[in-house]
Every structure is written in C-alpha cells, then in structure tokens.
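Numbering (the working numbering), first residue to last: 39 to 299.
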C-alpha cells in the first residue's frame, strides 16, 4: 500500500477528511508555501495543488481564471517543483493537473525531482483508467499514488473496477460537469456516495461544488470527507490568506472536534 493511502486510511479512522484545492501560483509562487501552511493549520488532511494549464477541461470558471493568473505570472510545473523542493509541508501534497503537463516534463524526471518533496500523489482528470499503465510503472516505483475519480454516470461495474484500482482516496464527483460553486445536487446523491463508501477499502471524498459548511456536514454523513476547491481559490484571490484561513476553519471545526475525542 502506498504511503499516501496508508496515511489517509489511518487519518480517516479518527476523523472526517478535509482536502482543499488551490491553484499553485495564482497569487504568485512566493505565496504558495504560506497558503499550504495555512490550510494544514486549519485542518487539511492533504492538499491538492493545481498545476496551471491552458485547457483545463475539468475546471470551472473560478479555477480556470486562477490558472490563467498563474500562467500570466510565468508559473510552470518546473517552478512549482523547485519551490516544493525547498519546503517541508505539514501534510501530504497531491498534484492535480493534465497529462500534457506531466508527459511534457517527462515522467521519470518528474518522479526523480519529486523524490525529496512532500508530493505523494496525482490526480489527472484527462487520463482514462484504461490508459493508467502509461504512468503506473513510474509512479509505482516512486511510491506516488494515482487517484481515481468516479463520476455520477459511472455504471456499477465500472465503479467496482475503479475502486479496485484506487489509491490515496476515491474522488467521488458530486455533479455532472466542471468544478465550481452554486451547484445543484441530484436527489439520490447521498445514497450514491454511501454505496461507494461501503464498497471502498480506502477513504471516499465528495468533491465538485462543495462550498459551504452545510455541504461538508451533509457529505461527512455519507462518506469519509470532502474536497473543497473553487470557494477557497476564490477566497484567496478576493479576501486574502487571513480571511481564507477563517473560512477554512469554519468548515473543519467539526472534524477537529471529532479528532480530539
């Protein structure tokens, strides 16, 4: 079992998991380590770092705009990794990006350059399950988890297949479409998430559209935790790191209490 999977499984035994997403470099790479520290301080079990890309097919408008701001600041995958090589993160990091970025960098070089960082996994939305063997040999050798997304439209047999291959945590998508806030959830979503959680051997986290405490409490009741992205990305841009820390704390307070019991 890979390091990230073991860590999150043990963490999930004590508390619900909260995994925030931020776009690396949207406020400048100089702010990245401070943002990571703030999120860890306020309850993050792990942190997803978005890699800016010109055509992010899974991202909604807020994250797309953050990616464009990062690209305007000349943020690249290489510069992100260089920053992380000189920083000890309090929690594991997960790079979320697209195949073009990682293959252009070179998978072997990517694994080598990440060896002395706290990056322990990847989410690659445009890499189909059937093509995972393009990265697994390198990722397996480097102890890097490849996280699976399960969509609302996945048939039961497909879900079983994805769960068998899942590492780190299972990313259960809560809406059909892209990331963002103000989304409407379907009526039987809770039942769907509970069924996946019951079948999974590793933590299942709900993500896409999760933006307020009521969402967190709802999904904590039927799975192992949540992923929150767009709302945090927006807050960092509009409110700054201090106010964003308060917002994150408002989402994670119940989980901190559960951990202390």
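Cβ coordinates follow ideal geometry from the N, Cα and C atoms, glycine included. Please read these numbers as outputs of a predicted model, since none were measured by experiment.
Legend entry - residue 213 versus residue 86 - alpha carbon distance: 19 Å
Inset, instruction - With DSSP as the reference, please indicate the residues paired to residue 209 in a beta bridge. - result: 187 and 243
Inset, instruction - Please report how far the alpha carbon of residue 253 lies from the alpha carbon of residue 193, in whole angstroms. - result: If you draw a straight line from the Cα of residue 253 to the Cα of residue 193, it is about 25 Å long.
Inset, instruction - Can you check DSSP and say which residues form a bridge with residue 55? - result: Answer by DSSP bridge pairing, in chain order: 263.
Inset, instruction - For residue 134, count neighbouring C-beta atoms within 10 Å of its own C-beta (all shown protein chains included) and say buried if the count is 16 or more, exposed if not. - result: buried
Legend entry - Distance between residue 55 and residue 255 (C-alpha atoms, nearest Å): Near 12 Å, if we compare the C-alpha coordinates of residue 55 and residue 255.
Legend entry - Cross-strand partners of residue 161 (DSSP beta bridge): 134
Inset, instruction - Look at the alpha carbon of residue 236 and the alpha carbon of residue 112, and state the distance between them as a whole number of angstroms. - result: Cα-Cα distance, rounded: 44 Å.
Inset, instruction - Let me know the secondary structure DSSP gives residue 182 once reduced to three states. - result: coil
Inset, instruction - Mind reading off the beta-carbon distance from residue 136 to residue 164? Whole number of angstroms is fine, and I expect it under 8 Å. - result: 5 Å
Inset, instruction - Please look up how many angstroms separate the CB atoms of residue 205 and residue 42, rounded, as I've assumed it's under 8 Å. - result: 7 Å
Inset, instruction - Could you check what DSSP says for residue 76 in three-state terms: helix, strand or coil? - result: Per DSSP, reduced to three states, the secondary structure at residue 76 is helical.
Legend entry - Distance between residue 138 and residue 296 (C-alpha atoms, nearest Å): For residue 296, the predicted model reports a pLDDT of 43, less than 50, meaning its position is unreliable and no value from the coordinates is stated.
Inset, instruction - Between the Cα of residue 115 and those of 89, 242 and 50, spot the shortest distance and give me the residue it belongs to. - result: 89
Inset, instruction - Quick one: grab the DSSP three-state call for residue 237. - result: helix
Inset, instruction - Go through its chain and collect everything with a Cβ distance to residue 257's Cβ below 6 Å, but skip five positions before and after it. - result: Only 244 and 264 meet the Cβ criterion.
Inset, instruction - Might you give, ordered along the chain, the residues of its own chain that have their beta carbon closer than 7 Å to the beta carbon of residue 227, omitting 5 neighbours on each side? - result: 212
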